[in-house]
Amino acid sequence: RYLRKIFRNLRLASVASLPLFLPREIVSLLRTYARWQITFECEHLRKVADRMRATSAQFDVEGAVSALYSLGLLMQRNSARSGGAAATEAAWDAVGSA
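See below:
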């Protein structure tokens, strides 16, 4: 329970600081939350996907694959929990545009 609060605060701080994030930080953030199966709200995933799109020219192939895979895992988990909410669709649309 205490760890959930820590990761929630990290997620909130990360999303607030996304304009400063480079691909390496985005990959690290997504990989950590996906690997440990930590909740990442759909609206926040959409913001991360938007930042990925804005920095797409800076991603190398390995980083892009890792980020997209982790993003997909997080979106699948959210979709399974919410029953396919509209925010999940918006996140998929943001990634599809990339």
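Per this note's numbering, the very first residue in the sequence shown carries number 944; after that it's consecutive.
Every residue gets a Cβ at the ideal spot worked out from N, C-alpha and C, and that includes glycine.
If you're wondering where the values come from, they're calculated on a predicted model, not measured in any experiment.
Among the options, which one has its Cα closest to the Cα of residue i?
i, options, result
"residue 984", "998, 949, 1039 and 954", "954"
"residue 946", "966, 969 and 981", "981"
"residue 950", "1018, 1012 and 973", "973"
"residue 958", "977, 989 and 1015", "989"
"residue 962", "996, 952 and 977", "996"
Residue i lies in the alpha helix (DSSP H); which residues open and close that run?
i, result
"residue 969", "966–978"
"residue 993", "985–997"
Go ahead and label residue i buried or exposed: buried means 16 or more other beta carbons lie within 10 angstroms of its beta carbon, across all protein chains shown.
i, result
"residue 1024", "exposed"
"residue 960", "exposed"
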